[in-house]
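Peer 1: Note that my numbering has the sequence shown beginning at 55, numbered continuously upward.
Backbone N, C-alpha and C fix where the C-beta goes; we use that ideal spot for every residue, glycine too.
All figures in this text were calculated on a predicted structure; none of them were measured in a lab.
Take a look at this one; I'll ask things after.
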Amino acid sequence: MHAMQYEITLPADYDMDVIRSRVSGRGPLLDDFGGLGLKAYLVRERGVSGSPVNQYAPFYLWNTPRGMNSFLWGAGFQGLVDDFGRPRVRHWTVLAYEDGGADGRDARAAVRERRAVPEGVPLSGVAVAAAAETGRLSRLDGVVCAAAVVDPLRWEVVHFSLWDRDGPQAAGDVFQVLHLNSPERDRLPRGRQW
55 MHAMQYEITL PADYDMDVIR SRVSGRGPLL DDFGGLGLKA YLVRERGVSG
105 SPVNQYAPFY LWNTPRGMNS FLWGAGFQGL VDDFGRPRVR HWTVLAYEDG
155 GADGRDARAA VRERRAVPEG VPLSGVAVAA AAETGRLSRL DGVVCAAAVV
205 DPLRWEVVHF SLWDRDGPQA AGDVFQVLHL NSPERDRLPR GRQW
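Structure follows, in structure tokens:
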């Protein structure tokens, strides 16, 4: 399982209704995309929930590399490139994934928390702690789902959670969820992934 996210930072005076309209029209096109566990269409607005920027930053969980590649090299992503330029796409290996108690409810907010993996610590302990944190997050009131992902190039663990309410009770960057595709979410492996 793989995770992926790109961020398109927009001007401070950008009309974010342009992004909302884009997502409203194009979001449902991935409702049956092969290999896609879930895609959360995320935005941050300058001055809302502590955000310093206007940003469009979708987050994906892929069941298969084939699905991820099909998206990145396909017409949908090319449309985004044509409109906004080619973003840098971050991708991670998934360490853990859990459904939350609010599974089945609409996601309204997302939280992304990045943690550097310090030099000299046993990596197995970092992975176990990341999986435990995913479990803890999934048990919080209002959590739709939670994941821990790792970038072994930067040695960074990212905790990602979807919430059924605004003002989630977690640390990190807070995003609004405009739309959620989950064509193969039921096929996402639960629990620890190693």
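Could you give the distance in angstroms between the alpha-carbon of His-84 and the alpha-carbon of Arg-120?
Peer 2: Looking at the sequence shown, residue 84 is not His but Leu. Going by the C-alpha atoms only, they are around 15 Å apart.
Peer 1: For Thr-188, which of helix, strand or coil comes out of DSSP?
Peer 2: Thr-188 falls in the helix class under three-state DSSP.
Peer 1: Enumerate in chain order the residues of its own chain whose CB-to-CB distance from Leu-242 is below 7 Å, with the five nearest sequence positions on each side excluded.
Peer 2: So the qualifying residues of the chain are Met-55, Gly-91, Leu-115, Asn-117, Tyr-151.
Peer 1: With 16 other CB atoms within 10 Å as the buried threshold, where does Pro-82 fall?
Peer 2: So Pro-82 counts as exposed.
Peer 1: Considering Cα atoms alone, identify which of His-233, Ala-57, Arg-239 is closest to Arg-80.
Peer 2: That would be His-233, whose Cα lies nearest to the Cα of Arg-80.
Peer 1: Any idea what DSSP makes of Leu-83, helix, strand or coil?
Peer 2: It is helical.
Peer 1: If you draw a straight line from the C-alpha of Phe-125 to the C-alpha of Leu-207, how long is it?
Peer 2: So the alpha carbons of these two residues sit roughly 23 Å apart.
Peer 1: Does Arg-98 pass the burial test, meaning 16 or more other C-beta atoms within 10 Å, or should it be called exposed?
Peer 2: When all chains shown are included, Arg-98 counts as buried.
Peer 1: Can you give the Cα-Cα distance for Ala-202 and Tyr-68, rounded to whole angstroms?
Peer 2: About 32 Å.
Peer 1: Taking the C-alpha atoms as reference points, what is the distance between Arg-169 and Val-182?
Peer 2: Each residue's Cα considered, the two are about 14 Å apart.
Peer 1: Under three-state DSSP, which class holds Gln-132?
Peer 2: In the structure shown, Gln-132 sits in a helix (DSSP, three-state: H, G or I).
Peer 1: Compare the beta carbon distance of Ala-186 and Gly-154 with 8 Å and say whether it is the shorter of the two.
Peer 2: It is not a contact, given that the beta carbons lie outside the stated cut-off.
Peer 1: For Arg-169, name the three-state secondary structure that DSSP assigns.
Peer 2: Looking at Arg-169 - three-state DSSP - the assignment turns out to be strand.
Peer 1: Within 10 angstroms of the Cβ of Gln-132, are there 16 or more other Cβ atoms? Answer buried if so, exposed if not.
Peer 2: Counting Cβ neighbours within 10 Å, Gln-132 comes out exposed, since fewer than 16 surround it.
Peer 1: Mind checking whether Ala-225 and Ala-164 have CB atoms under 8 Å apart?
Peer 2: No. Outside cutoff.
Peer 1: Taking Met-122 as part of the alpha helix (DSSP H), name the residues at either end of that continuous run.
Peer 2: Segment 119–126, the alpha helix (DSSP H) holding Met-122.
Peer 1: Where do the ends of the beta strand (DSSP E) carrying Met-58 lie?
Peer 2: Per DSSP, Met-58 belongs to the beta strand (DSSP E) from 56–60.
Peer 1: Ends of the beta strand (DSSP E) at Ala-150?
Peer 2: Ala-150 -> beta strand (DSSP E) spans 143–153.
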